[in-house]
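Going by the numbering used here, the sequence shown opens with residue 40, and the numbers climb by one from there. All C-beta atoms in this analysis are idealised placements derived from N, C-alpha and C, irrespective of residue type, glycine included. Note that the coordinates shown come from a computational prediction; the quantities given were computed from them, not determined experimentally. Have a look at the structure below, then the notes.
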Amino acid sequence: MTPVLIIVVTAIVLFVTISALVARYKRCPSDKILVVYGRTGGSSAKCIHGGGAFIWPVIQDFAFLDLKPLSIEANLTNALSRQNIRVDVPCRFTIAISTEADNMNTAAERLLGLTSEQIQELAKDILFGQLRLVIATMTIEEINSDRDKFLDNISKNVDSELKKIGLKLINVNVTDIKDESGYIEALGKEAAAKAINEAKVSVAEQEKIGETGKALADREKDTQIAETHRDRDVKIAITQKDKEISIATAVKDETIGKAEAERDTRVKTSEANAVAIKGENEAKNCYCSIRSQSKRKRSRSIKNCISLRKSATS
């Protein structure tokens, strides 16, 4: 065998070996669980969610579990309530394989190799049984009115049982609850009648409150109008009084002014008369003294007397 042929054969063997090894590495999509079984280190299977694993030839193999949700319609009929009244409870459950570590191993043991239809049939038996169990512990009133409590009880019971086969409950929806005896319908009519009566009472009370409020509003309005008129009359009276006081004050000031003017006139007249009398007296005295003077002095004194007389008369 030539060296070239040996190199070619070796390359082919290496390529085939590497390709085979690469092909044995399996990646797990996010919507699936990779189950590796065979020799897995003591456990029955190795479950991987996300990532990947190398599958050893001959001693190991693999399979996938689908994580897509399954919708199961469970229309339960003739289920006995705590009051021994039979009811029909149509429900729709949404379930899926759990991704918790312990539950994935359980699902690998219980569900690996089953189709979606087979898984649904297996889960449906659990759903019907737990649904009947929950209804048997509750009254019709609780089932019909306290829907949150009803759904919570269903979720707790169903989820705990589904975990035993590696499933989990995602959602439960109860549509319309009915009973053959018409008990629920009677409860509805009673509630409707009660609501109507309460509404009528409420309307009557509101109308009464409205009438009372209107009467109070009218009375307050009349009171405000009366107070407005009273305030207006008081302001008018105060204005009129202030006006009269102003007029009286003005008349009084005018009278006082006239009296003071007349008094000043009389005083000035008296003072002028007194000055005139004084001047006349001085003039008379001057003339008397002139008679006893010489002729030359008499002429000068006469001039003075005339001046005094003029000043007195002025």
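Extent of the continuous alpha helix (DSSP H) run through residue i
i	result
Asp198	Arg186 to Leu201
Leu151	No alpha helix (DSSP H) contains Leu151, which DSSP labels as neither H nor E.
Which listed residue (the options) has its alpha carbon closest to that of residue i
i	options	result
Val213	Ala225, Ile182 and Ala232	Ile182
Tyr64	Thr138, Lys274, Phe189 and Ala92	Ala92
Arg125	Leu151, Ala162 and Thr178	Thr178
Asn117	Ser184, Cys86 and Leu172	Leu172
Ala175	Ser220, Ala289 and Asp127	Asp127
Val97	Phe189, Val75 and Thr41	Val75
Ile134	Arg121, Pro108 and Ala234	Pro108
Leu115	Pro68, Gly168, Gln122 and Asn123	Gly168
Leu151	Asp100, Ile264, Ser184 and Lys188	Asp100
Gln122	Asp70, Lys260 and Glu180	Glu180
Pro68	Asp105, Thr278, Arg302 and Pro42	Asp105
Ala84	Arg149, Ala50, Ile277 and Glu244	Arg149
Gly77	Ile94, Ala62, Arg66 and Val61	Ile94
Local Cβ density within 10 Å of residue i, reported as buried at 16 or more and exposed below that
i	result
Thr154	exposed
Thr304	exposed
Thr145	buried
Phe54	exposed
Gly89	exposed
Ala140	exposed
Leu119	exposed
Gly221	exposed
Leu208	buried
Asn312	exposed
Ala147	buried
Leu201	buried
Asn192	buried
Asn142	buried
Leu44	exposed
Leu255	exposed
Ile158	buried
Asp218	buried
Where the beta strand (DSSP E) through residue i begins and ends
i	result
Arg78	Premise fails: Arg78 is in no beta strand (DSSP E) and is neither H nor E.
Lys207	Leu206 to Val213
Lys65	Tyr64 to Arg66
Pro96	Run containing Pro96: none; DSSP gives neither H nor E here.
Ile124	Where Ile124 is concerned, there is no enclosing beta strand (DSSP E), given that its DSSP letter is neither H nor E.
Ser220	First-last for Ser220: undefined, no H or E at that position.
Ser33	Since the first and last residues shown for the chain are 40 and 353, residue 33 lies out of range.
Ser110	Leu109 to Leu119
Assumed close pair residue i, residue j - CB separation to whole angstroms, cut-off 8 Å
i	j	result
Cys130	Ala113	5 Å
Ile358	Phe103	Outside the displayed span of the chain (40 to 353) sits residue 358, for which this structure offers no information.
Ile111	Lys195	Ile111 to Lys195, Cβ: 18 Å. No contact.
Ile165	Val197	7 Å
Ile204	Leu161	7 Å
Residue-chain proximity (residue i, chain D), Cβ-Cβ < 8 Å
i	result
Phe54	Given the protein chain composition of this structure (a single chain), no chain D is represented.
(message) Going residue by residue through the region 263-294, where are the continuous beta strand (DSSP E) segments of at least 3 residues, counting only ones entirely within it?
(response) none
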